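Take a look at the structure below.
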Amino acid sequence: MLKFNTTIDIILQNANALAKGASEIHPWHLHGNDFWVLGYGEGKYSEKDVKKFNLKNPPLRNTTLIFPYGWTALRFVTDNPGVWAFHCHIEPHLHMGMRVIFAEGVPLVKKIPKEALSCGLTGKMLMASKHD
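Numbering (the working numbering), first residue to last: 675 to 806.
This is the structure:
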């Protein structure tokens, strides 16, 4: 679980695909939060690349790209309690493990009201029944 209300930096590194010598673009999307795109680069990310980051006016997004054989640096604040997916938007890549779940401030999430679990006439009928 991520500590609530903290700043998280992420470096996404794009390497070879399953085919030798191949790499492709990956669109990554974060649910529940927006993030700042601090920078992009070619090749393997190095700590020296921090000096390339745009810390003055980075674009705010919820989806970004990682270019072939490159890296992308992101920053977000864990200020939205919940459990959120972060994943490549190419569906088969999810099955290859290109996804992660971030849990932030989970104890702050309130219990879902029973009424919210169903809606409309069907919901009213279910709520009125004695079935549990």
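Ideal Cβ positions, reconstructed from N, Cα and C, are used throughout, including at glycine. Because the structure is a prediction, the values reported are computed rather than measured.
Discussion item. Assuming contact is defined by CB atoms lying nearer than 7 Å, are L712 and N690 in contact in what I supplied?
Written reply: Going by C-beta atoms, L712 is not nearer than 7 Å to N690.
Worksheet item: Cβ atoms of T737 and L686: under 7 Å apart, would you say?
Response: For L686 and T737, no; Cβs fall outside 7 Å.
Item to complete: Could you check which residue in G744, S697, I740 and F760 has the C-alpha nearest to that of S720?
Response: Looking at G744, S697, I740 and F760, the one whose alpha-carbon comes closest to that of S720 is G744.
Item to complete: Give the DSSP bridge partners of I775, in chain order.
Response: I775 pairs with A759.
Discussion item. As an exercise, report each continuous alpha helix (DSSP H) stretch of at least 4 residues that is fully enclosed by the region 679 to 755, in chain order.
Written reply: DSSP runs (the alpha helix (DSSP H)) wholly in the region 679 to 755: none.
Fill in: Residue span of the alpha helix (DSSP H) that contains P766, given as start and end
First-last of the alpha helix (DSSP H) with P766: E765 to L768.
Worksheet item: Nearest CA to the CA of P733: which residue from H769, V757 and W710?
Response: Residue W710 is the option with its Cα nearest to P733.
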